[in-house]
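Numbering (the UniProt record's numbering), first residue to last: 1 to 56.
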């Protein structure tokens, strides 16, 4: 019974570590690239100008 609890704890920590690693990897490597692509994409710039609030 004790071995089963140990195995369950190890599995829980493994799943937690996996999701933590995936979140940190996305936050550090993928998200900044997506933001940079939005900043330099001419289509996104056109839509920002088109849908910007008009100041009279």
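Glycine included, every Cβ here is placed at the ideal spot set by N, Cα and C.
Looking at the structure shown, is residue i part of a helix, part of a strand, or coil, going by DSSP?
i          : result
residue 17 : helix
residue 51 : coil
residue 56 : coil
residue 22 : helix
residue 12 : helix
Quick one: Cα of residue i to Cα of residue j, how far?
i          : j          : result
residue 36 : residue 53 : 23 Å
residue 41 : residue 21 : 29 Å
residue 1  : residue 19 : 28 Å
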